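Note sheet for the following structure.
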Amino acid sequence: QLTLWESVAERFDGSQHPVLAVKGAKLTDFCGRSLSMLYSSSLQIDPDIKEAHKLKNWYENGGNAVTTINLSKKRDGAFRGVGYNFKTFFEAKMENQDCKKKVNSCFLNKATIILMLRENVLYTACPSENCNKKVHNLDNGLYKCEKCNCEYDKFKWRLMVQTNIADFTDSLSITVFQEHAETLLQVSAEKLSSMKDDNPREFQKIFEASSFKNYIFKFRARMETFKDESHLKHAIVECLKLDPKKYNHHLISEIKQMSGLA
Numbered sequence: 001q002l003t004l005w006e007s008v009a010e011r012f013d014g015s016q017h018p019v020l021a022v023k024g025a026k027l028t029d030f031c032g033r034s035l036s037m038l039y040s041s042s043l044q045i046d047p048d049i050k051e052a053h054k055l056k057n058w059y060e061n062g063g064n065a066v067t068t069i070n071l072s073k074k075r076d077g078a079f080r081g082v083g084y085n086f087k088t089f090f091e092a093k094m095e096n097q098d099c100k101k102k103v104n105s106c107f108l109n110k111a112t113i114i115l116m117l118r119e120n121v122l123y124t125a126c127p128s129e130n131c132n133k134k135v136h137n138l139d140n141g142l143y144k145c146e147k148c149n150c151e152y153d154k155f156k157w158r159l160m161v162q163t164n165i166a167d168f169t170d171s172l173s174i175t176v177f178q179e180h181a182e183t184l185l186q187v188s189a190e191k192l193s194s195m196k197d198d199n200p201r202e203f204q205k206i207f208e209a210s211s212f213k214n215y216i217f218k219f220r221a222r223m224e225t226f227k228d229e230s231h232l233k234h235a236i237v238e239c240l241k242l243d244p245k246k247y248n249h250h251l252i253s254e255i256k257q258m259s260g261l262a
């Protein structure tokens, strides 16, 4: 994957499958290998060079039908296609315990929801499509977003749930946001907001029902610094419903690898 920024991204048209020649891009191993353009990078689209013509000819004469490997996604046994490697919480913490080390990595884990706190889980957010910041009630029928510096006559409900997740080695306290919170609670933020006012008992049951359910989680681990103190912070990239058959295949694959039978 190649990430383009600002005006380059705005002008880029990939509809005709152009050949790209990139120089000086940043190569990272964040959740697999990927490229990102820098201010010092250069990009040529369909350059008039022999290698580009050869690649274009290959693509237009059957190359587009060839199955390729996405190097920006790491694969793992029976979970091919979902990306990243399996790690327990203990393994992930031990690998990233050095506060001086720059951490930006991803991993998979089969874990259990221990508790999702129901206090202060909903907030009024900016209704614009690309903004999720909290809006302030101006008490005149309008709501102001400080980020957009705009006033609106409506808002959207968003979720931010403090959650405890555990595997057999350790536990993790994490803040779960909108889409993933809706997946774990199996209800939309809008419906939950109505339920909180109209049917508080059902609201409580939603959170009680979320406990002790198993998922395959994709986590991102990142070292963050605040007031000269570094802390390892985890975020959910995705949560997948546990498929026991698929997970058993993964466990069998792990056993074979550890026993030298793979």
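According to full-length UniProt numbering, the stretch in the sequence shown is residues 1 to 262, in order. Each residue gets a CB set at the ideal place from its N, CA and C atoms; glycine is no exception. Please read all numbers here as calculations on a predicted model, not as lab measurements.
Span separating the alpha-carbon of residue i from that of residue j
i, j, result
"H180", "N214", "14 Å"
"residue 294", "L172", "This structure cannot speak to residue 294, because the chain is shown only from 1 to 262."
"C131", "Q178", "13 Å"
"M116", "S253", "32 Å"
"D243", "H250", "11 Å"
"N248", "I255", "11 Å"
"L4", "M37", "6 Å"
"V82", "N140", "With a pLDDT of 48 at V82, under the threshold of 50, the predicted position of this residue should be treated as unreliable, though the coordinate-derived value follows. Those two C-alpha atoms are separated by around 47 Å."
"R118", "R11", "44 Å"
"A125", "F155", "6 Å"
"A21", "C239", "36 Å"
"I236", "A9", "27 Å"
"V66", "S42", "28 Å"
Rounded Cβ spacing between residue i and residue j (contact assumed at less than 8 Å)
i, j, result
"I165", "I114", "7 Å"
"N96", "L232", "5 Å"
"C106", "K241", "Actually they do not touch by this definition, with Cβ atoms about 19 Å apart."
Minimum C-alpha distance to residue i - residue among the options
i, options, result
"P47", "N149, K23, L138", "K23"
"L108", "C145, Y123, R220", "R220"
"residue 267", "K227, R201, D243, V19", "Given a span of 1 to 262 for the chain in the structure shown, any question on residue 267 remains unanswerable."
"E151", "V135, L159, M160", "V135"
"E129", "K110, Q257, C145", "C145"
Contact under 8 Å by Cβ, residue i with residue j
i, j, result
"Y143", "N137", "yes"
"A189", "W157", "yes"
"T183", "F89", "no"
"V176", "I206", "no"
"M160", "Y123", "yes"
Residue i - partner residues in DSSP beta bridges
i, result
"S36", "T3, K26"
"M223", "L232"
"K50", "In DSSP, K50 forms no bridge with anything."
Distance cut-off 7 Å: residue i Cβ against heavy atoms of the ligand GDP
i, result
"K256", "Here there are no bound small molecules, and the ligand GDP is not part of this structure."
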